[in-house]
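Enquirer: Take a look at this one; I'll ask things after.
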Amino acid sequence: MATSLEDLIRTSTTPVFVDFWAAWCGPCKMVAPSVKRLAEEFKGRLMVVKVNVDEQPAAASRFQVQGIPALMLFRDGEKKWSTAGAVPYPQLKAEVEKVLG
Numbered sequence: 001m002a003t004s005l006e007d008l009i010r011t012s013t014t015p016v017f018v019d020f021w022a023a024w025c026g027p028c029k030m031v032a033p034s035v036k037r038l039a040e041e042f043k044g045r046l047m048v049v050k051v052n053v054d055e056q057p058a059a060a061s062r063f064q065v066q067g068i069p070a071l072m073l074f075r076d077g078e079k080k081w082s083t084a085g086a087v088p089y090p091q092l093k094a095e096v097e098k099v100l101g
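Take a look at the structure:
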């Protein structure tokens, strides 16, 4: 079992979508339903991980999170896409579909 976010990203057999967020963040709350929808729609083909930056500041630092929500998509251990801010669901879905092929 993966012991850290880095291990999870490196060893996952499916792409990993990471949402860096905080409870006090308005845009994070706006994007949360879209992230949940991604997890449901791509279940079994995409792993969705939410990282609370207040509870895990070291992870946010290691991934160079400058603003939240920070959304990152990894495949085979490599970052394939990232953005900061609330992104509409159609754009998130399109990025995931590109990575899934």
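Counting in full-length UniProt numbering, the sequence shown runs from 1 upward without gaps. We treat Cβ as the ideally placed atom computed from N, Cα and C, and that holds for glycine. Fair warning: this is a prediction, and the values are worked out from it, not measured in the lab.
#1: Here's the rule I'm using: 16 or more other beta-carbon atoms within 10 Å means buried, otherwise exposed. How should Asp76 be labelled?
#2: Assuming Leu100 and Pro15 form a contact by the criterion Cβ under 8 Å, report the distance between their Cβ atoms to the nearest whole angstrom.
#3: Kindly indicate the opening and closing residues of the beta strand (DSSP E) around Thr83.
#4: Cα separation between Met1 and Val49?
#5: Consult DSSP for Arg75 and reduce its assignment to one of helix, strand or coil.
#6: Please classify residue 104 as buried or exposed, where buried requires at least 16 neighbouring CB atoms within 10 angstroms.
#7: To the nearest angstrom, how far is it from the Cα of Gln91 to the Cα of Thr13?
#8: Could you give the DSSP three-state label for Met1: helix, strand or coil?
#9: Which word fits Ser61, buried or exposed, when buried means at least 16 other C-beta atoms lie within 10 angstroms of its C-beta?
#10: Let me check understanding here. Comparing Cα to Cα, which of Phe17, Arg45, Ile9, Gln64 lies closest to Ser34?
Expert: Result, derived from the coordinates:
#1: exposed
#2: 6 Å
#3: 78 to 84
#4: Bear in mind that the predicted position of Met1 carries a pLDDT of just 43, short of 50, making it too unreliable to give a figure here.
#5: strand
#6: The structure shown has nothing for residue 104, since the chain only spans 1 to 101.
#7: 23 Å
#8: Note that Met1 has pLDDT 43, beneath the 50 cutoff, so the model's placement of it is unreliable and no number is given.
#9: exposed
#10: Phe17
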